[in-house]
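Residue numbers (the numbering used here): 1132 to 1394.
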């Protein structure tokens, strides 16, 4: 995607939300007339199919669930932080990087993870969530994404040797995981739009008791990650929204919205 701006803060230190300090999910959901609202964190482009299909995939679920959603730019998240994110019952980390603010994109993911708010991330959302987990759960504080700092010595997410953009590939699901339960399948097909993924040199670092790799491709490359102890935290390198239809909403998106709306 073309951009007319350059991110200038790749080396800045991420500010961490305070666990439970501002946001109480249960109190938020007690409001009898308040519709749960989803923040889609990223810069929206109406000529980019993963964005237009994302909005449509949520619209397809409006008859089944009573909720709202809106796009929120990463620079606004970086500026307003908890003051802004407190008003949302779910966060979807969107495709379409590099974002205007790496810090804003990461902060939203950290906020959702620490406060047990349903979180879904697709494509670039997957990549940024991997960076967030590497920095703040695995302790690799300088973990970086190649789009922001190609010279970093700790490129946890780098350019794929073979681009996945435009490809449809099999995903194999691990039995007993949330992804497997939502699909109710052992194998599925998904669409990709990405040129970046997990650096193979750091793949083993994601073997952590709080992280579950629930979907892989035919070469055992990671395609879905979830956090089993979280209310709903799932990220996919593929873009499930492009396969969602009015008569058949995608099961992962349905699962995310259901988690957002459950009291």
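Don't be surprised by glycine CBs; every beta carbon is placed ideally from N, CA and C.
Since the structure is predicted, the reported quantities are computational estimates derived from the model, not experimental observations.
{"Asked": "Could you tell me whether the Cβ atoms of residue 1175 and residue 1189 are closer together than 8 Å?", "Found": "no"}
{"Asked": "If you draw a straight line from the C-alpha of residue 1232 to the C-alpha of residue 1206, how long is it?", "Found": "5 Å"}
{"Asked": "Count the other CB atoms within 10 Å of the CB of residue 1165; is the residue buried (16 or more) or exposed (fewer)?", "Found": "exposed"}
{"Asked": "Starting from the C-beta of residue 1380, find all residues in its chain whose C-beta is less than 6 Å away, skip the five residues before and the five after it, and write them out in chain order.", "Found": "1191, 1192"}
{"Asked": "Identify whether residue 1186 lies in helix, strand or coil by the three-state DSSP scheme.", "Found": "helix"}
{"Asked": "Among 1375, 1303, 1345, 1259, which one has its Cα closest to the Cα of residue 1180?", "Found": "1375"}
{"Asked": "Would you please state the rounded distance, in angstroms, between the beta carbons of residue 1332 and residue 1265? I believe it to be under 8 Å.", "Found": "The pair is not a contact, with the Cβ atoms about 12 Å apart (cut-off 8 Å)."}
{"Asked": "Alpha carbons only, please: which of 1377, 1228, 1235 is nearest the one belonging to residue 1215?", "Found": "1235"}
{"Asked": "Is it the case that the Cβ atoms of residue 1172 and residue 1248 are separated by a distance below 8 Å?", "Found": "no"}
{"Asked": "Our contact map puts residue 1292 next to residue 1329 with C-beta atoms below 8 Å; I'd like the distance itself, whole angstroms only.", "Found": "At roughly 12 Å, the Cβ-Cβ gap does not stay under 8 Å, so residue 1292 and residue 1329 are not in contact."}
{"Asked": "Give the range of the beta strand (DSSP E) segment to which residue 1354 is assigned.", "Found": "1353-1357"}
{"Asked": "In this structure, does DSSP put residue 1290 in helix, strand or coil?", "Found": "strand"}
{"Asked": "Excluding the 5 residues flanking residue 1390 on each side, which residues of the same chain have their C-beta closer than 8 Å to its C-beta?", "Found": "1221, 1249, 1362, 1363"}
{"Asked": "For residue 1346, collect the residues of the same chain with a Cβ closer than 6 Å to its Cβ; drop the 5 residues on either side in sequence, then sort them by chain order.", "Found": "1302, 1304, 1310, 1354, 1355"}
{"Asked": "DSSP has residue 1322 in a bridge; who is on the other side?", "Found": "1299"}
{"Asked": "Are there 16 or more other CB atoms within 10 angstroms of the CB of residue 1195, so buried, or fewer, so exposed?", "Found": "exposed"}
{"Asked": "Go ahead and label residue 1321 buried or exposed: buried means 16 or more other beta carbons lie within 10 angstroms of its beta carbon, across all protein chains shown.", "Found": "buried"}
{"Asked": "Measure the Cβ-Cβ separation of residue 1228 and residue 1259 and say whether it is below 8 Å.", "Found": "yes"}
{"Asked": "Would residue 1226 and residue 1388 qualify as a contact pair, given that the criterion is a beta-carbon distance under 8 Å?", "Found": "no"}
{"Asked": "Going by C-alpha to C-alpha distance, which of 1377, 1373, 1327 sits closest to residue 1277?", "Found": "1327"}
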